[in-house]
Every structure is written in C-alpha cells, then in structure tokens.
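Reviewing the structure listed below.
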Amino acid sequence: MEDYKKLFENLERDFKNYKKDAISEIAGYKIANEDLQKQLAVLYNIAEVSKYISSNIRDDQLVLMINDMIVGLLGVTNSCIYMKENDVFKVKVSTYGSNINLTEEEKRKIILGEDYLINGDFIRKYDEIDNAIKSVLGIPIKIRDNYIGYIIVEHTLKHYLTTEHKMFLSSISNQIAIALENSKLYRELKDAVIKDPLLGIYNRKYFFEKSESIIKEEKVNYAIAMIDLDNFKTFNDTYGHQFGDEVLIQTSNVIKNQIRDLDIFARYGGEELIIFLNNVKNHNDIYRKVNNIREAIEENVITMGDIKAKVTTSIGLAFRKFEDDSITDVISKADELLYKAKKTGKNKVVIDECELK
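357 is the number that UniProt numbering gives the last residue of the sequence shown; the numbers go up by one with no jumps.
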C-alpha cells in the first residue's frame, strides 16, 4: 500500500511540474505571439508610410503631410521637422511653431546627427499647451551618408516615448529621407522645365500656359507690362557678358520684390521681361505700380566686384479692353507701346492715354 501511495505522490508531483512548465511555456508563446504581432504591426505601418509618402512626393506640402502623419501614428503632443539648408538646420514644420527651446544636449545631438531619448519631470513648455513636455525623442534624417534633416517628437506624459518608438521612427526616417530627396529632385526638374535657368523666373512657354489658364478659369481683367533694358548691348560690350548677366539677374530681383504673388513674371526673350498683372481693377493704380517698378530699377546700383552701374528700362503697358481680346492681342499692344517708349527717349512707361482717368 505504501508503494502505491508513494507512486501517487510522485505522479502528482510530476503532473504539477508539467502543469507549471506548460503554463510557463504557454505564457512564453503568448509573449512571443504578442511581440510578433507588434513587429507585424510595425512592418505594416512602415509599408503604409512608404506607400503614403511615395504617392505624395509631388506635393509642395510634403513635409507638412509627413509631420501630421508622425503625430497621428505616434500619438505625440508635438512633432517638428528640421531641414538642413546651407549647412544650417531650420525648422521646416512644427505642430506648435518654430520657437523650440532645445537643451544643450539636444543641440549637440542634432549637430552630430545622433538620436536621443529623454524623459524627465520638465524638459520645456509651450504657451499653446497647458502641461510641460516630459518625454522627447530625436531621430536624424539621413539618406546614405547625406545628413539632410532631423525629427523631434514630444509628449507631456513622462516615459510616453520608449525605445520601441525610437526603433519605429528610425525605421521610417529612411523612407522620409528618400521621399524628401525625391521631392527635391522633382521640384528641381519641374523648375528646369518652367523656369529660366539664369534668372530663376518663369520662361516664355510657361508664362503663356499659366496666364492663359488664369484667363480661362477666372475670367479676370488683366494688363501686360513688356519691359526692355535700355542700352543692354552697351553693358555687354563695355563690361562683358558676365556683367550683362548680372544686370539681368539683379533687375529681375528688383521686379520680383515689387510685384504681387498673383502676378506672373517671366523672361520673354533676351533682355525682354514680361509681367502678367492679374485682377486689374483700376488702370491708374496699375500704371503707378509699373512706374514704381521702373523707378526702383533706375535707383538700383548693379554691383559685381569693382564694377558698379545703373540701368534703366522702357516699359509698354497694355490692358485687356474687350472680352474677346486674346493674351496675344494684349501682348502685341504692349510691344507696340514698348517700341514707342524706346523711340521717345527710353526710361519711361508708355500707355494709351485713353486708359487713364
């Protein structure tokens, strides 16, 4: 009888040990399964991020879209993206403005291109948020060996950001870097198609495409200013073509600073420039504006090394008179008025007197 009792006790002990080991093994499988689910979720999110970014590389607001995406994915209070411009890191987009009071350690990490994770009782405070920032994660944006930017995400809860967030943000930072680089290349290619390579303003072809599109869609009144640099050949002959290029560049810059965002400014050909003055309501106001441009050009001193000179311009200003006037008709009229300005002394704006009241 004692033998059966001992056998039973041994069996009971073995069963308990087996049960304990089985529970432990099941718990291990459960943890492993949860980890696998997390990894799959991360991979899925990375794939979705890559797809989302790739489909929007042509969008001018790509950096803003990426920043909003990071806030949504990580559930952070604030996200900020720095981009490197001329070896200086500048805030490109931020949930709560560009005035971020970085700690000295954060500044050092950004300069070195290293990631960091900080959790503390107080890191910094934003006026727009009631609570202080207590958890911060910083990740560099790199494509190959090219360090192009930096991402900082923040939360008001201490220890909210973890090494898991760090791994995830590091994973998508490469996708972000590639997208930003592709977006930059796309913009450069687009600019090469629509802009003059010397002056950085629109070329003649795009000028017609853009202005005709506005006329068709918005049906606005407009004016055309044809601008020609007086005695431009003399600058080339006296100082060389390089200075002639500088005259064109600096004169274009003066005009760019004078016109409105809704106007279209382009190089028409050679030393001739053209402005599509959009949404014209008062002819006198437009005349004064164009004459102010002429005066600003006249007052500007063109400088290149030891060479200093001034340039004047002759301008023909024509308005769309009739609804069936094409832009070619208005340009032809502006060209006639420009020719008149050249023949009657230069350095003036010529307009049909009947256009002024």
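Yeah, the Cβ is synthetic: ideal placement off N, Cα and C, and Gly gets one too.
(request) Verify whether the separation of the beta carbon atoms of residue 149 and residue 81 is less than 8 Å. (result) yes
(request) Name, in chain order, the residues that DSSP records as bridge partners for residue 358. (result) With the chain covering 1 to 357 only, the question about residue 358 has no answer from this structure.
(request) Decide yes or no for the touch test of the region 111-122 against the region 149-161: beta carbon pairs closer than 8 Å, at least 3 of them. (result) yes
(message) Quick check on the burial criterion: 16 or more other C-beta atoms within 10 angstroms. Buried or exposed for residue 368?
(response) Any answer about residue 368 is impossible in this case: the structure gives the chain only from 1 up to 357.
(request) Check whether the Cβ atoms of residue 350 and residue 311 lie closer than 8 Å to each other. (result) no
(request) With DSSP as the reference, please indicate the residues paired to residue 147 in a beta bridge. (result) Residue pairing by DSSP places residue 147 opposite 142 in a beta bridge.
(message) For residue 220 and residue 328, I'd like the C-alpha separation in whole angstroms.
(response) 16 Å
(request) Give the range of the alpha helix (DSSP H) segment to which residue 266 is assigned. (result) Here residue 266 belongs to no alpha helix (DSSP H); instead the beta strand (DSSP E) covers 264-269.
(message) Give me, in chain order, the residues of the same chain whose beta-carbon lies closer than 7 Å to that of residue 33; leave out the 5 immediate sequence neighbours on both sides.
(response) The predicted model places residue 33 with a pLDDT of 49, which falls under 50 and marks its position as unreliable; any figure quoted below should be read in that light. No residues qualify anywhere along the chain.
(message) What residue range does the beta strand (DSSP E) around residue 303 cover?
(response) 301-304
(message) Would you call the region 163-175 in contact with the region 188-200, where contact means no fewer than 3 C-beta pairs closer than 8 Å?
(response) no
(request) Return the first residue and the last residue of the alpha helix (DSSP H) that residue 124 is part of. (result) Here residue 124 belongs to no alpha helix (DSSP H); instead the beta strand (DSSP E) covers 116-124.
(request) In angstroms with no decimal places, state the Cα-to-Cα distance between residue 41 and residue 73. (result) Low confidence applies to residue 41: its pLDDT is 49, below 50, so where it sits in the model is not reliable, and the reading given next is rough at best. If you take the alpha carbons of residue 41 and residue 73, they lie about 11 Å apart.
(request) Tell me whether residue 109 is buried or exposed, calling it buried when 16 or more other Cβ atoms sit within 10 Å of its Cβ. (result) With 16 or more other Cβ atoms from the protein chains shown falling within 10 Å of its own Cβ, residue 109 counts as buried.
(message) Along the chain, where does the alpha helix (DSSP H) containing residue 254 start, and where does it finish?
(response) Taken as a continuous stretch (DSSP letters only), the alpha helix (DSSP H) holding residue 254 covers 241-258.
(message) For residue 112 and residue 276, what's the separation of their Cα atoms in angstroms?
(response) 47 Å
(message) Between the alpha carbons of residue 78 and residue 67, how many angstroms are there, rounded?
(response) 9 Å
(message) If we require 3 or more residues per run, which beta strand (DSSP E) segments fall completely within the region 75-103?
(response) 78-85, 88-94
(request) Take the Cβ of residue 134 as the centre, count every other Cβ of all protein chains shown within 10 Å, and call the residue buried at 16 or more, exposed below. (result) buried
(request) Measure the beta-carbon distance from residue 307 to residue 338 and round it to whole angstroms, keeping in mind my assumption that it falls under 8 Å. (result) That belief does not hold up - the Cβ atoms of residue 307 and residue 338 are roughly 27 Å apart, past 8 Å.
(request) For residue 361, I'd like the list of residues in its chain whose CB is within less than 7 Å of its CB, leaving aside the five on either flank, ordered along the chain. (result) A query on residue 361 cannot be resolved here, the shown segment of the chain reaching from 1 to 357 and no further.
(request) Could you tell me if the beta carbon of residue 127 falls within a distance shorter than 7 Å of some heavy atom in the ligand NAD? (result) The ligand NAD is absent from the structure shown, which contains no ligands of any kind.
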